[in-house]
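Peer 1: Here's a structure for you.
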Amino acid sequence: MAAITMFLGALVNLTKPGHYIHWHFITISVANVVVIALMVIVFIAALLLPTGHKGGNGS
Amino acid sequence: MTTIEEKGAVAEVDEVDEEVAGQWTVKIRRFLVAKLPPERLIPDRQPAYMASWIYIFGALSIAALTCVILSGSLLAIEGPAWWHLSGLGLFVNSLHLWSVELFFFFMVIHLWGKFFMAAWRGNRQLTWITGVVTFLVSVGAALTGYVSQTNFDSQWISTQAKDGMNSLGIGAYFNVLNFGQMLMWHIYLLPIGVVALTGLHVLMVRTKGIVTPIGAPDDAPAEDATTAEAH
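Here the protein sequences come in this chain order: A and B. At position 9 of the first sequence the residue is numbered 28 (this note's numbering), and the sequence of numbers has no breaks. At position 207 of the second sequence the residue is numbered 211 (this note's numbering), and the sequence of numbers has no breaks.
Below, the structure is given as structure tokens:
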């Protein structure tokens with residue numbers, strides 16, 4: 020457990036102020052931008068990928 | 005048994021004596037059975053166009069909401085010292101947070117998909133509206149949760165949020181610096197709203213059926229359209 024915690028801690032150092040993007044009057048954290056980008060990617064994948072279930076009568 | 009038909013739905017209702025036919029219990033029972041027949045509430049088949057990830061994300065939102073309610077219930081049983089200091093408490097606290105993150109993640113993708121499908125077509129306005137209002141009430145539930153953590157994070161968020169509330173003119177009635185009020189909103193009023201609206205949303209989906217693809221002939225009830233087995 021401690022090893023996993025140390026590994027994850029090495030990947031993402033959270034013991035410091037977060038990164039922010041400033042664009043005119045808009046201020047947003049990098050973490051929120053990443054989440055929004057992930058949602059857009061998953062949304063596009065949801066539209067394009069088949070569900071693995073064929074439509075039609077009795078299928 | 006008597007068969008009645010309403011908007012394509014066929015339901016069977018029990019016959020009752022004349023003297024009790026006017027009772028409100030009989031009227032409500034007949035109304036509900038006509039509106040919500042069991043075969044439509046828990047259907048065997050659905051239209052082929054339901055085979056879409058957008059509906060799967062709707063179901064995932066409900067699954068995440070279930071995790072939110074269960075983990076929140078454990079937090080309510082044990083209290084702040086437990087969720088701040090014990091290993092299991094910290095785990096359940098994190099489970100609560102990440103269930104909420106996933107709830108919003110799934111719900112927003114479902115919402116985007118339904119927006120671009122124009123899912124309010126075919127007299128499905130209430131289905132769309134209950135979904136949107138559920139999202140808005142969930143935002144309130146999340147905010148009151150952030151200010152109910154009982155830590156420096158919640159103090160920071162509440163002192164920032166109070167300016168927003170005051171700019172809207174509601175700070176005197178919805179005081180984010182009032183911990184007791186925020187906790188009550190978070191664990192009582194808003195969860196009732198989210199769960200009730202979600203239930204209503206699902207009922208609307210069941211009674212109105214899912215929206216047809218744009219350009220396809222509308223708007224037969226779900227069981228009359230080309231069907232695929234529900235899964």
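For each residue, glycine too, the CB sits at the ideal point set by N, CA and C.
Could you please tell me which residues of the stretch 105-136 of chain B, in chain order, have their CB closer than 7 angstroms to any CB of chain A?
Peer 2: F109, V112, I113, W116, G117
Peer 1: On the three-state DSSP scale, how would you describe W42 (chain A)?
Peer 2: strand
Peer 1: List, in order along the chain, the chain B residues whose C-beta lies closer than 7 angstroms to that of V61 (chain A)?
Peer 2: I113
Peer 1: To the nearest angstrom, report how far apart L78 (chain B) and I66 (chain B) are at their CA atoms.
Peer 2: 19 angstroms
Peer 1: Since A65 (chain A) meets chain B, which of its residues come closer than 7 angstroms, beta carbon to beta carbon?
Peer 2: W57, I58, F61, I113, G117
Peer 1: Hey, quick one: how far does the alpha helix (DSSP H) through P42 (chain B) stretch, first residue to last?
Peer 2: 42-45
Peer 1: If we define contact as Cβ-Cβ less than 7 angstroms, is T70 (chain A) a contact residue for chain D?
Peer 2: Chain labels in this structure do not include chain D; the protein chains are A and B.
Peer 1: According to DSSP, simplified to helix, strand and coil, what is I47 (chain A)?
Peer 2: strand
Peer 1: Can you give me the start and stop residues for the alpha helix (DSSP H) that R34 (chain B) sits inside?
Peer 2: 28-39 is the extent of the alpha helix (DSSP H) around R34 (chain B).
Peer 1: Quick check on P51 (chain B): does DSSP put it in helix, strand or coil?
Peer 2: Strand, per DSSP.
Peer 1: Can you name the residues of chain B whose CB is closer than 7 angstroms to the CB of M58 (chain A)?
Peer 2: F109, V112, I113
Peer 1: So, are the CB atoms of S98 (chain B) and C71 (chain B) less than 7 angstroms apart?
Peer 2: no
Peer 1: The alpha helix (DSSP H) that contains W124 (chain B), what's its start and end?
Peer 2: Bounds of any alpha helix (DSSP H) do not take in W124 (chain B), whose DSSP letter is neither H nor E.
Peer 1: With S142 (chain B) and Y150 (chain B) assumed to form a contact (beta carbons below 8 angstroms), what rounded beta-carbon distance in angstroms separates them?
Peer 2: Their Cβ separation, rounded to whole angstroms, is 13 angstroms, which puts S142 (chain B) and Y150 (chain B) out of contact at 8 angstroms.
Peer 1: Hey, how far is the Cα of I63 (chain A) from the Cα of A25 (chain B)?
Peer 2: About 54 angstroms.
Peer 1: For the alpha helix (DSSP H) containing P238 (chain B), list its first residue and its last residue.
Peer 2: Because chain B here runs from 5 to 235, residue 238 (chain B) falls outside it and cannot be looked at.
Peer 1: Excluding sequence positions up to five away, which residues of its chain have a Cβ less than 7 angstroms from the Cβ of F110 (chain B)?
Peer 2: F61, L64, S65, A68
Peer 1: So L201 (chain B) packs on T131 (chain B), CB below 8 angstroms; how close in whole Å?
Peer 2: Not a contact, Cβ separation roughly 11 angstroms.
Peer 1: Out of B:Y192, B:T211, B:S90, B:M188, point me to the one whose CA is closest to N127 (chain B)'s CA.
Peer 2: B:T211
Peer 1: For A146 (chain B), which of helix, strand or coil comes out of DSSP?
Peer 2: helix
Peer 1: Can you find the residues in the same chain that come closer than 6 angstroms, C-beta to C-beta, to W87 (chain B), ignoring five residues on each side of it along the sequence?
Peer 2: L79, G93, N97
Peer 1: Counting only the same chain and skipping the five closest in sequence on each side, list residues whose C-beta sits under 7 angstroms from that of I27 (chain B).
Peer 2: Position check: residue 27 (chain B) holds Gln in this sequence, whereas Ile was assumed. Excluding sequence neighbours, Q27 (chain B) sits near nothing in its chain.
Peer 1: Closest Cβ-Cβ distance between V215 (chain B) and chain A: below 7 angstroms?
Peer 2: No, no contact with chain A.
Peer 1: L45 (chain B) to I55 (chain A), Cα distance in whole Å?
Peer 2: 34 angstroms
Peer 1: Taking the alpha carbon of I81 (chain B) as the reference point, which residue from B:I161, B:I191, B:T216 has its own alpha carbon closest?
Peer 2: Of the candidates B:I161, B:I191, B:T216, the one whose C-alpha sits nearest the C-alpha of I81 (chain B) is B:I191.
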